[in-house]
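The structure appears right after this line, and notes come after that.
Protein chains: 2
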Amino acid sequence: MSIRDTLRDIVGNVEGALAAVIMAYDGISIDEIMVPQSEFDLQSLAVEYATVLKEIKRAAELVKAGAMEEVAITTNQTRVAFRVLNEDLFAVLIMAKDGNFGKGRYLLRLKAYDLARELA
Amino acid sequence: MSIRDTLRDIVGNVEGALAAVIMAYDGISIDEIMVPQSEFDLQSLAVEYATVLKEIKRAAELVKAGAMEEVAITTNQTRVAFRVLNEDLFAVLIMAKDGNFGKGRYLLRLKAYDLARELA
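Printed below as a string of structure tokens:
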């Protein structure tokens, strides 16, 4: 399955999923899928959160908490899950607040290996 | 119930919980409970993650994702859940990787209102 198909598969199978993106830590989007009616600025969100994720990675290593694997951020409007794929890339799933976040995180974890292999 | 009792209650009722802390965004710990056999440096962890949390808060507001409510960070050794209490403070629950993270996040959310009220 291609990267885009895998992203489409995740977004299509999770209630409330708005977008899925493969990103580099410098904020560049490698590939993305977005449901048509979403109205957020995916690009800004990606760039801002990439910076934050780099900070978390650094902090976790600094406090010897080990290598970052997953980060989940809930605001009063959205839920976003990040899954590390390799040294350079991570997958992001953006969901509506009332979406099925558990399933979203599960699918992201399940597909991370496939995505990492496709991207190697 | 006092703040410390609430923290003790959370740590005591979640399998794999190592510590619970009430923190300010400047990295100062207001109160904390730690299980005796834990070996991590709670202070460094708190300070580093407080900085990160401030970044996430800023990023979420910048991309109009709304106000930050909860952040969860999983590394290959630990799971850490952060719950915003008010403008200045947040609660942190640090767990072993194989702990009951769902229950931990649930209790943290459930007790957030009590904690915020105690701290007001």
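Chains as they are written, first to last, in the numbering used here: chain A, 1 to 120; chain B, 121 to 240.
Even glycine gets a Cβ: it sits at the ideal position worked out from N, Cα and C.
Item checked: As assigned by DSSP and simplified to three states, the class of L108/A -> Here residue 108/A corresponds to residue number 108 of the first sequence, with the count starting at 1. L108/A falls in the helix class under three-state DSSP.
Checklist line | L182/B, buried or exposed, once every other Cβ within 10 Å from all chains shown has been counted against 16 | finding: Counting from one through the second sequence, the residue named residue 182/B turns up at place 62. L182/B is exposed by the Cβ-count criterion.
Notebook entry, point to check: Per DSSP, what kind of secondary structure is E69/A in: helix, strand or coil?
Noted result: What you label residue 69/A is simply residue 69 of the first sequence in a count that begins at 1. It is a strand residue.
Margin query: Going by the DSSP bridge assignment, what does F210/B pair with across the sheet?
Written below: As a working note, residue 210/B is residue 90 in the second sequence. In DSSP, F210/B forms a bridge with M143/B and V204/B.
Notebook entry, point to check: Roughly how many whole angstroms lie between the Cα atoms of V14/A and A211/B?
Noted result: Stepping through the first sequence from its first residue, residue 14/A is reached at position 14. Stepping through the second sequence from its first residue, residue 211/B is reached at position 91. Their backbone Cα atoms lie some 29 Å apart in a straight line.
Next item on the list: For chain B, find out if any of its Cβ atoms is closer than 7 Å to the Cβ of Y137/A; answer yes or no.
Entry: What the structure shows of chain A is the stretch from 1 to 120, and residue 137/A is not part of that stretch, so it cannot be assessed.
Next item on the list: Quick one: list the residues of chain A neighbouring A187/B, beta-carbon separation under 9 Å, in chain order.
Entry: Within the second sequence, residue 187/B is the residue found at index 67, counting from 1. T75, N76 and Q77, listed in chain order.
Margin query: Using 8 Å for Cβ pairs, my map puts M171/B next to A65/A. What's the rounded Cβ distance?
Written below: Reading the second sequence from its first residue, position 51 is the one you call residue 171/B. Reading the first sequence from its first residue, position 65 is the one you call residue 65/A. Per the sequence shown, the amino acid found at residue 171/B is Thr instead of Met. With a Cβ gap of about 14 Å, T171/B and A65/A do not count as contacting.
Next item on the list: State buried or exposed for A304/B, treating a residue as buried only when at least 16 other CB atoms are found within 10 Å of its CB.
Entry: No answer is possible for residue 304/B: it lies beyond the span of chain B, which begins at 121 and ends at 240.
Item checked: Straight-line Cα distance separating E87/A from R117/A -> To locate residue 117/A, count along the first sequence from 1; it is residue 117. To locate residue 87/A, count along the first sequence from 1; it is residue 87. Near 13 Å, if we compare the C-alpha coordinates of E87/A and R117/A.
Next item on the list: Find out if the Cβ-Cβ distance for the pair F101/A, R79/A is shorter than 7 Å.
Entry: Working through the first sequence from its first residue, we reach residue 101/A at position 101. Working through the first sequence from its first residue, we reach residue 79/A at position 79. The answer is yes: Cβ separation under 7 Å.
Notebook entry, point to check: When you compare only the Cα positions, how much space is there between D98/A and Y226/B?
Noted result: One-based indexing of the first sequence puts residue 98/A at position 98. One-based indexing of the second sequence puts residue 226/B at position 106. Distance between the alpha carbons of D98/A and Y226/B: 16 Å.
Note to self: Is there a C-beta anywhere in chain A that falls below 7 Å from the one on I176/B?
What the structure shows: As a working mapping, residue 176/B is identified with position 56 in the second sequence. Yes - at least one Cβ of chain A is within 7 Å of the one on I176/B.
Next item on the list: Could you say if the region 39-48 of chain A and the region 142-149 of chain B meet the contact criterion of at least three C-beta pairs nearer than 8 Å?
Entry: no
Item checked: Cα-Cα separation between E48/A and D129/B, rounded to whole angstroms -> In the first sequence, residue 48/A corresponds to position 48, counting from 1. In the second sequence, residue 129/B corresponds to position 9, counting from 1. In a straight line, the C-alpha of E48/A is about 36 Å away from that of D129/B.
Next item on the list: Taking D88/A as the query, report the chain B residues whose CB atoms sit under 8 Å from its CB, ordered along the chain.
Entry: Against the first sequence, residue 88/A aligns to sequence position 88. Under the 8 Å cutoff, chain B gives no residues; its nearest Cβ is about 18 Å from D88/A.
Check: Under 7 Å Cβ-Cβ, which residues of chain B neighbour V11/A?
Finding: Start at 1 with the first residue of the first sequence, and residue 11/A comes out as number 11. In chain order: nothing, as chain B lies at least about 18 Å away.
Margin query: Am I right that L85/A and L45/A are in contact with their C-beta atoms under 8 Å? What's the rounded C-beta distance?
Written below: What you label residue 85/A is simply residue 85 of the first sequence in a count that begins at 1. What you label residue 45/A is simply residue 45 of the first sequence in a count that begins at 1. Rounded, the Cβ-Cβ distance is 18 Å, inconsistent with contact.
Notebook entry, point to check: Does the Cβ-Cβ distance between G224/B and L213/B come in under 7 Å?
Noted result: One-based indexing of the second sequence puts residue 224/B at position 104. One-based indexing of the second sequence puts residue 213/B at position 93. Yes, the Cβ-Cβ distance between G224/B and L213/B is below 7 Å.
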